[in-house]
Amino acid sequence: DLPGIGEALRYRFASGLLAHVNPPDPALRGALVERKASTLGVGLAPEVASYLAEEWCANVRELEGALTRVEAYATLSGRTIDLALVREALGPSPVARRGPSLQRIVGEVCQHYRLSRDELSGPRRTARLAVPRQLAMYLCRQHTDVPLARIGAELGGRDHSTVVHALTAIERRLEKDATLREDMSMLRARLRA
C-alpha cells in the first residue's frame with residue numbers, strides 16, 4: 106500500500122522485476138581482480154591477487170580504488186608490488202573493519218551457553234535464557250552499528266525498549282558478577298578471532 110501515489114504508478118511498481126543478486130563467489134572475485142589489474146596495467150603476484158579477492162573485492166569501485174592506491178604507492182616508493190606493500194598501502198581491509206555480524210554474535214553466545222538459536226530468541230524468560238539473551242544484545246550493541254530495533258528483531262522480534270532494558274540490566278550485572286565478566290571476555294576474544 107502506497108498512500109498518495111496514483112493507481113497507475115502503484116501498478117508499475119507492483120509489476121517491476123525483482124531479482125536476487127548473490128555476491129560473487131571466490132573464483133569470480135579472483136577473475137575480477139585479475140581483469141581489473143590487467144585493465145589498469147598493474148601486475149600482481151598470485152598471493153596478492155588472492156588477498157585482494159578475499160579482502161578488497163566487495164564491489165568493483167572498492168577494488169578499483171584499492172588497485173589505484175597500490176599502484177600509486179608502489180610507483181612513489183619505487184618498490185615492486187608484493188603482499189607487504191599492498192597491506193602497507195591499503196591498511197586494514199574492509200572485511201577486517203566490518204566486525205562481526207549479528208548472526209555471528211548470536212551464534213557465539215548460543216555456542217558458549219550451549220543453547221539453540223530458537224531457545225535464545227524464544228519467548229521464555231528464565232534466567233538460563235534471559236542472561237545469555239541480554240548478553241547477546243549487549244555484544245550486538247557494542248560490536249555493531251545496527252539499530253536497537255534490528256537487534257531486538259534478530260533476538261525474537263523484541264522491540265527497542267526491550268533491548269534498552271537488557272543493556273541496562275547486563276551492565277548492572279557485569280559490575281557484580283565476575284563469572285559473567287569472564288564469559289563476556291571469552292566471547293569478545295572469540296568475536297575478535
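Take the sequence shown: its letters are residues 106 to 298, numbered as in the numbering used here. Glycine residues also receive a C-beta, built at the ideal position from the N, C-alpha and C atoms.
- Whose C-beta lies closer than 8 Å to the C-beta of Leu149 among residues of the same chain, with five residues either side of it excluded? Locating residue 149 in the sequence shown gives position 44, where the first residue counts as 1. Excluding residues within five positions, the ones whose Cβ falls inside 8 Å are Val138, Glu139, Ala142, Leu157, Ile186.
- Task: For my contact list, Ser268 and Gly257 are in at a C-beta cut-off of 8 Å; report their separation, rounded to the angstrom.
- Result: Within the sequence shown, numbered from 1, the residue matching residue 268 stands at position 163. Within the sequence shown, numbered from 1, the residue matching residue 257 stands at position 152. The sequence given here places Val at residue 268; Ser does not occur at that position. Sure, about 5 Å apart at Cβ, within 8 Å.
- Item | Collapsed DSSP secondary structure at Ala132 in the structure displayed | For this step, residue 132 is matched to residue 27 along the sequence shown. Reduced to three states, the DSSP call for Ala132 is helix.
- Message: Looking at the secondary structure, which residues open and close the alpha helix (DSSP H) in which Leu225 lies?
- Response: The residue labelled residue 225 in the question sits at position 120 within the sequence shown. That run of the alpha helix (DSSP H) goes 222-226.
- Message: Between the alpha carbons of Ser206 and Ala179, how many angstroms are there, rounded?
- Response: Here residue 206 is taken as the residue at index 101 of the sequence shown, counted from 1. Here residue 179 is taken as the residue at index 74 of the sequence shown, counted from 1. In a straight line, the C-alpha of Ser206 is about 34 Å away from that of Ala179.
- Query: Nearest CA to the CA of Leu195: which residue from Glu213, Leu220, Glu167?
  - Reply: Here residue 195 corresponds to residue number 90 of the sequence shown, with the count starting at 1. Out of Glu213, Leu220, Glu167, the CA that lies nearest to the CA of Leu195 is found in Glu167.
- Message: In the DSSP assignment, the alpha helix (DSSP H) including Arg297 goes from what residue to what residue?
- Response: Stepping through the sequence shown from its first residue, residue 297 is reached at position 192. Note, Arg297: alpha helix (DSSP H), 283-297.
- Message: Using only the alpha-carbon positions, how far apart do Arg286 and Leu279 sit?
- Response: As a working note, residue 286 is residue 181 in the sequence shown. As a working note, residue 279 is residue 174 in the sequence shown. Approximately 6 Å between the Cα atoms of the pair.
- Task: Could you check if Gln208 is buried or exposed, using at least 16 other CB atoms within 10 Å of its CB as the buried criterion?
- Result: Position 103 of the sequence shown, counted from the first residue, corresponds to residue 208. Flag for Gln208 reads exposed.
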